[in-house]
Structures are given as C-alpha cells and as structure tokens.
Amino acid sequence: MSTSGPEVGSSSESPFAIAQTQFEVAADRLRLNPSVRAVLRQPRRELTVHFPVEMDDGTVTVFTGHRVQHSLHRGPAKGGIRYHPDVTLDEVKALAMWMTWKCSVVRIPYGGAKGAVICNPKEMSLRELERMTRRYATEMAILLGPDSDIPAPDLNTNAQTMAWIMDTISMHQGYSVPGVVTGKPIAIGGSEGRQDATGRGLVYCVQEAAKALKLDLRGSRVAIQGFGNVGEAAARFLGEAGAKVVAIGDSEGTVYRADGIDLALARRQRQETGSIVGTPRTERIARDALFEVDCDILVPAAIEGQITARNAHQIRAKLIAEGANGPTTPEADTILRERGVTIIPDILCNAGGVTVSYFEWVQDREAFFWTLEEINARLRRIMTRAFDDTMHMSREHEVDLRTAAYMLAVGRVAEATLTRGIYP
Ligand code: NAD
C-alpha cells in the first residue's frame, strides 16, 4: 500500500512550515499550476484582536484572539476555536490549512479555518469564560456567519462555548442564527451523533483498511492514546467490532491488560478519578510503553507530535489510525512508511467530526432534524467513499495514504480555485 511518500522537513519546524511543506509535496506530484500553488500556500485572511474582559475581581485582562481563514473556494470557512495559553498564530494558520484539506477529502462544501484565544481556561471561572467568549465572538463577528465562517469546539471549548457564540451573534442580528456554529447543544439546534462522530468515523476507516490489509478485526489487539471524546468513542466502537483494547494511555499514565481492558470499568475510573489509571483488572505500565505494546492497531487520539523518530521503530502495530490532528512527526512518518506500517492520515481518519458538523449545519438551515440512524448511515457512506477514493489514489500513484489524501484534497481545492478564477 505504501511505496513512496512525502520527504517533509524536520518536525522542529513551525506547524505552518510543516503544513506548507506537506502541501508542496502534493502540489509537486499534481504538477499544480504555479499561480494556484501561490494562492493556496498562504491563508486567505488572518484577523488578530486584542480585547478587554472584566474579571470576577473587577480587574481587566486584555486577551489576544486569532481567526484564520485558509481557503473559501469550496464554500464557507469551517474550523474549531481553541483556548490555550501556548497557542500561536502560526499554529492557527497550520490548523486552518489542514481544515481545508480535511473538508476536501470528505467532499463537504467548506473551506478551512481555525480560531484561538490565548488564555488559560483552567484558571478562569465560568462567568469569565462566558464574558471572554462573547467578546471574542463580537470581535470576530465581521467574519462569522452561516454563509461565511462557522466555528466549532476544539481544545478547551465545548458545546456551551458554541451556545454563547450562537447567542451573541443572534443578539446582534435580532433573531436566532443556529447555523453560525456547530457542536451546539441539541436544545438549540445541535445534531444527534455529533459527540461520537469522530470516533465513529475513525472506526469506519479502520474497517475499510482492515479489509485491504486482510486483518480480521475480531480478536485484533488495539492500543489507544487518549481516552477523551475521540479515544473513548474509538475504543467503544472497535470493541463493538470485536477488537480487544489491550492498552490505553491518557495524560496521567498508561494501563495494560493482555486479555483486553473492560471499557466500562475504564469509563467509570475516568469518571470517578479523571483518569483511566487504576482501572480494575489492569496493570500500570510506563507511559511510553504504550507505543511498544504488542498490538495490531494503534490509535493516537490525544495531542500532536506523539509518534516520533524516538518511538517509531518500537511500534508493533500494522495499522495506525490517526484520531488526533498531527500525531505523527514527519521523521516518524518516513520511518513507519519504510517499515511497511499503514497510516490512515488525520485529514481522512478524524474527518467524521467535521462531517457531522456539516450535517448539523444542513439541518439548521432546513430547520428539519434527522434521526441518529440517518446520521450514522450518511456518515458511513461519506467516510467509506473518502477512504476508497484515497486508496484508489494511493494505488494509482504508488504513494502512501497520507500523500494520496493530500493529493485528492489539494487537487479538488485547486480545481475549485482555477474554475472560479481570479477576482477582479
Ligand atoms: P479530549 O480533551 O476529549 O481528550 C484528550 C485525551 O488525551 C484525554 O484522555 C487526555 O488525558 C489525553 N492526553 C492529553 N495529553 C496527553 C499526553 N501528553 N499523553 C497522553 N495522553 C494525553 O480531546 P478530543 O476531543 O478527544 O481530541 C483528541 C484529539 O483529536 C485532538 O488532537 C483533536 O484535535 C483531535 N480531533 C478531535 C475531534 C473531535 O471531534 N473531538 C475531531 C477531529 C480531531
């Protein structure tokens, strides 16, 4: 399945430099028109704002926020908003570009965007977070709208954050605008199935890859890093497909059980203690031992940069399903490709979330809501088609799945860009 792939630069490069290099690799292979290449290697818009928020003790803090729209050629901009003390404009630019490719791989009619506020939400009260969110939404209101730019939750933001943004924009308009954000609570126009969508979509991809690799999921062994929204759902659906989850790691540590971890016990442990460490009938192993566990499938579903040149040689899995964004460094990617490990790349593997976000937006526009069964059936169709398209590209051009997914995604965005032409 993998013969050649991207020779991308060192992972010490900035995230945006990595994103640009990944784009250039696909652009080279596609022999992309130079003017389209010049357009797509930069974001369309970057808005940085500095805005005051009154804190609970009466003092004022000035926060910095960003919103980057990478491409608007295939539709309105779409992408999450993250709250983090270390977030940078460079990272937001990379994430916005990746969103463009992700929407394109699954053929949903959006361009890519990302937003962020530099803050430490763990040190803020709920009321402070609400005031900061509403003011950030107001500062960004010139960009946001159901036809222009649609945020969603990301790191440290959730359905409540989206509800505040939706309410703020609606107050400005004078009527409810549910389609301005996705990932909302069901009570105000959210969608069934959004919560599990990324994990579910990931497992649909794994099922397709397993067929191609002639790997029987029943009885297969799985190691998962991250037991949050994506990791927990992926574990649950892989379990339902007959796989055994033998190792789970989270930010507190890693647990292991050769015969398969009881996922209900892991969920209860997380609920009671905040971590899966200490789950009954498991043994604790070294944090990094997760990557050395004897398993068939490895699911990184925590944070970026976890599979590196340091641990790539130890990985025993035949298949890696990237739930997280950017979990594999470019050096590790090369090592794994040479070792014949198949990687389902993030822009394909975790696109189930944005796909059901798209369903939410469609339902909001129609004010007509679908059942969970309808949503899951449509999600499966889209993920399976995207996987098949990527596999086809990979075989036709003798490239790995990551390069194939980029070629598909960049090719479609380039076609839209060329067809629309340059204004004026
Ligand atoms: P989450 O916050 O719900 O869960 C994150 C999990 O990772 C937690 O179990 C946490 O303990 C663990 N973790 C954090 N740092 C770790 C570390 N250093 N080592 C080991 N474990 C660590 O987040 P999520 O929504 O599940 O997102 C996980 C990843 O998936 C992120 O990269 C995110 O960008 C990506 N993603 C999420 C969605 C979505 O719909 N939620 C969609 C696409 C991509």
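The number in the working numbering is simply the position in the sequence shown, starting from 1, with 2 added.
Every residue gets a Cβ at the ideal spot worked out from N, C-alpha and C, and that includes glycine.
Using the beta-carbon count (16 or more within 10 Å), is residue i buried or exposed?
i	result
Val412	buried
Tyr206	buried
Arg383	exposed
Lys213	exposed
Asn160	exposed
Ile345	buried
Pro282	exposed
Ala260	exposed
Ser12	Note on Ser12: pLDDT 43, under 50, position unreliable in the model; the coordinate value appears next. Ser12 should be labelled exposed.
Asn122	exposed
Give a yes or no on whether the C-beta atoms belonging to residue i and residue j are separated by under 8 Å.
i	j	result
Ala326	Ala353	no
Trp103	Tyr408	yes
Arg129	Val55	no
Arg69	Met142	yes
Leu42	Arg202	no
Phe239	Arg272	no
Phe370	Ser193	no
Ile424	Gly195	no
Ile120	Pro153	no
Thr421	Leu410	no
Val38	Thr310	no
Gln308	Pro332	no
Lys95	Phe18	yes
Gly221	Gly244	yes
Nearest to residue i by CA position, among the options, is which residue?
i	options	result
Leu74	Ala161, Asp149 and Arg133	Asp149
Val248	Leu217, Val295, Asp156 and Arg238	Val295
Thr275	Glu48, Lys116 and Gly255	Gly255
Arg109	Val356, Trp372, Glu242 and Thr66	Val356
His72	Asp58, Leu97 and Met57	Leu97
Lys116	Tyr177, Thr50, Arg380 and Ile171	Thr50
Ser277	Arg397, Met126, Ala268 and Gly262	Ala268
Gln197	Met57, Ser359 and Ala237	Ser359
Gln24	Arg414, Glu417, Ala406 and Pro302	Ala406
Answer yes or no: the CB of residue i versus the heavy atoms of the ligand GDP, is any distance below 7 Å?
i	result
Gly60	Inclusion of the ligand GDP in the displayed structure is not the case, the ligand content consisting of the ligand NAD alone.
Q: Could you please go through the chain and list the residues whose beta-carbon is closer than 6 Å to any non-hydrogen atom of the ligand NAD?
A: Thr200, Gln227, Gly228, Phe229, Gly230, Asn231, Val232, Gly233, Gly251, Asp252, Ser253, Ala303, Ala304, Ile305, Gly325, Ala326, Asn327, Asn352 and Gly355
Q: Report yes or no: do three or more beta-carbon pairs, one from the segment 316-330 and one from the segment 76-83, lie closer than 8 Å?
A: no
Q. Any contact of the segment 356-369 with the segment 170-187, i.e. 3+ C-beta pairs under 8 Å?
A. yes
**Q.** Inter-stretch contact at 8 Å, needing at least 3 Cβ pairs: the segment 334-352 / the segment 305-318
**A.** yes
Q.
When you compare the segment 203-222 with the segment 374-393, are there three or more beta-carbon pairs, one atom per stretch, that lie closer than 8 Å?
A. yes
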